[in-house]
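First comes the structure, then the notes that go with it.
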Amino acid sequence: MKLKKWQIGTLCLLFITHVLWAKTNSQQGFVVAQKAEQKRKGFNDSQADVTMVLRNAQGEESKRDMVIFTQEVDNDGDKVLIRFLSPGDVKGTALLNYTHKIEDDERWLFLPSIKRVKRLASKNKSGPFMGSEFSYEDLSSPELEKYEYRYLKDEVLNGVDCFVVERIPKDKFSGYIRQEVWYDKEAYRIRKINYIDRKQTLLKTQINSGFKLFSGEFWRPLKVAMVNHQTGKSTELLYNTLTMKVGLEKTLFKPSGLKRLR
Numbered sequence: 001m002k003l004k005k006w007q008i009g010t011l012c013l014l015f016i017t018h019v020l021w022a023k024t025n026s027q028q029g030f031v032v033a034q035k036a037e038q039k040r041k042g043f044n045d046s047q048a049d050v051t052m053v054l055r056n057a058q059g060e061e062s063k064r065d066m067v068i069f070t071q072e073v074d075n076d077g078d079k080v081l082i083r084f085l086s087p088g089d090v091k092g093t094a095l096l097n098y099t100h101k102i103e104d105d106e107r108w109l110f111l112p113s114i115k116r117v118k119r120l121a122s123k124n125k126s127g128p129f130m131g132s133e134f135s136y137e138d139l140s141s142p143e144l145e146k147y148e149y150r151y152l153k154d155e156v157l158n159g160v161d162c163f164v165v166e167r168i169p170k171d172k173f174s175g176y177i178r179q180e181v182w183y184d185k186e187a188y189r190i191r192k193i194n195y196i197d198r199k200q201t202l203l204k205t206q207i208n209s210g211f212k213l214f215s216g217e218f219w220r221p222l223k224v225a226m227v228n229h230q231t232g233k234s235t236e237l238l239y240n241t242l243t244m245k246v247g248l249e250k251t252l253f254k255p256s257g258l259k260r261l262r
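For the sequence shown, the numbering used here assigns the number 1 to the initial residue and increments by one for each residue that follows.
What follows is the structure, encoded as structure tokens:
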């Protein structure tokens with residue numbers, strides 16, 4: 001069956017409209033994420049005392065205390081050092097994470113029981129960090145270049161006006177096929193993230209709350225909760241203290257120094 005000229009014209013118009021709509025949504029999603037990135041950057045470094053609360057499916061709790069050091073790197077992602085202080089079975093364990101904008105992230109884990117620093121394979125980033133509901137991937141800084149973006153909708157979340165943006169990891173080894181991110185319109189703070197696994201199933205939800213302004217310009221959540229919908233387990237990170245622009249030495253973030261941490 002031959003199509004008439006007006007039918008061909010209509011189909012072409014619909015196709016062009018769809019392409020322009022997709023491009024516009026992609027650009028809008030990128031702009032929202034870019035503004036969030038701009039507001040997150042510039043803190044130089046930080047130090048935080050954090051309590052990790054782990055809950056199993058029955059609601060039973062266990063707690064771990066740790067200190068988190070973060071240092072920004074010019075034209076690259078953040079460096080993060082996590083050191084456990086208690087309880088005794090994890091005391092001294094340390095994770096060093098180098099987030100990169102384009103290249104694969106780098107990670108080293110120090111286990112005091114074997115007194116050895118182990119470099120973790122970048123393709124294993126979806127594994128759980130120390131039995132928590134946070135994966136190694138979740139602990140990397142959310143660099144703009146690591147994702148493709150698409151604006152989904154505006155939505156009110158717990159009384160807060162938000163942009164909802166889909167971000168798709170570019171890394172083929174990511175544990176997620178996509179993520180849905182709620183950015184508030186007031187300050188572009190990330191309020192919520194839905195993590196969709198590679199089976200297109202909702203795996204986890206992250207809720208950030210208790211936001212506080214530091215150094216007069218940087219908003220940070222004092223509570224980060226991660227719920228695993230498939231296992232019923234959850235993990236909370238409770239920030240007891242957080243200090244920015246500390247002046248941390250670069251040598252603190254060297255893999256060779258993990259054994260000497262106290």
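Quick reminder that beta carbons are idealized off the backbone N, C-alpha and C, glycines included.
- Listed in chain order, the non-local C-beta contacts of L152 below 6 Å within the same chain comprise V164, E166, local neighbours out to five positions each way being set aside.
- Each of W219, L261, S234 was checked against the Cα of R40, and the nearest Cα belongs to W219.
- Nearest C-alpha to Y176 among L85, A225, D184, S126: S126.
- Less than 8 Å divides the Cβ of G232 from the Cβ of A57.
- The criterion of a C-beta distance shorter than 8 Å is satisfied by F253 and L81.
- Around the Cβ of K204, a 10 Å sphere holds 16 or more other Cβ atoms; the residue is buried.
- Taking 8 Å as the upper bound for CB-CB distance, N44 and K245 are in contact here, some 5 Å apart.
- Rounded to whole angstroms, the separation of the alpha carbons of G131 and L237 is 13 Å.
- With at least 16 other beta carbons inside 10 angstroms of its own, S135 counts as buried.
- Counting other Cβ atoms within 10 Å of its Cβ, E186 stays below 16 and is therefore classed as exposed.
- Separation of K223 and M52 (C-alpha to C-alpha, rounded to the nearest whole angstrom) is 10 Å.
- Under the three-state reduction of DSSP output, P142 falls in the coil class, being neither helix nor strand.
- Between L139 and the set Q206, P255, Y188, E155, the nearest pair of CA atoms involves Q206.
- Take E148, set aside five residues on each side of it, and the residues of its chain with a beta-carbon closer than 6 Å to its own are I168, in chain order.
- By the criterion of a C-beta distance shorter than 8 Å, Q200 is surrounded in its chain by I177, once the five residues flanking it on both sides are discounted.
- Non-local beta-carbon contacts of S141 in its own chain, meaning distances under 6 Å to residues more than five positions away in sequence, involve G77, D78, T99 in chain order.
- Nearest in C-alpha terms to T241, of all of W182, V67, F173, is V67.
- Between W108 and R119, the CB-CB gap stays under 8 Å.
- Here Y239 is bridged, per DSSP, to V50.
- Taken through DSSP and simplified to helix, strand or coil, T205 comes out as strand.
- Each of D105, C162, V31, K101 was checked against the Cα of I193, and the nearest Cα belongs to C162.
- DSSP, read as helix, strand or coil, puts Q34 in helix.
- One Cα belongs to P87, the other to K63, and the distance between them is close to 8 Å.
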